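Since the structure comes first, as structure tokens, the remarks are kept for the end.
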Amino acid sequence: MIRPTFARIDLAALQANYRAVRAFVAPPAGGAQPPAVIAVVKANAYGHGAAELYA
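See the structure below:
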């Protein structure tokens, strides 16, 4: 028997994690540009609604 599979994505937690990463890669001393934070969402987040994740 195949059970339905689902994923619950907490957008608030996703935002908090992003802010934590941004704080970790804060700009270096001397006013240099901070490194870019790039997230990879593959194939519509495997069917979980990529539009909501990257919007």
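Heads up: the sequence shown begins at 13 in our numbering, then just goes up one per residue. The C-beta atom is built at its ideal place from N, Cα and C for all residues, glycine as well. Predicted model only: the values in this text are computed from it and were never measured.
How is V37 classed by DSSP in three states: helix, strand or coil?
Taking the first residue of the sequence shown as position 1, residue 37 is located at position 25. Coil, per DSSP.
Backbone CA spacing between A32 and P16 [nearest angstrom]
Here residue 32 refers to the residue found at position 20 of the sequence shown. Here residue 16 refers to the residue found at position 4 of the sequence shown. So the alpha carbons of these two residues sit roughly 33 Å apart.
Span separating the alpha-carbon of A51 from that of A28:
Position 39 of the sequence shown, counting from 1, holds the residue named residue 51. Position 16 of the sequence shown, counting from 1, holds the residue named residue 28. Rounded to the nearest angstrom, the two C-alpha atoms are 14 Å apart.
Coarse secondary structure for Q27, derived from DSSP in three states
The residue labelled residue 27 in the question sits at position 15 within the sequence shown. The answer is helix: DSSP assigns Q27 an H, G or I state.
For V37, which residues in the same chain have their Cβ closer than 8 Å to its Cβ, ignoring the five residues on either side in sequence?
By 1-based counting over the sequence shown, the position of residue 37 is 25. Once the five neighbours on either side are set aside, the close Cβ partners of V37 are P46, P47 and V49.
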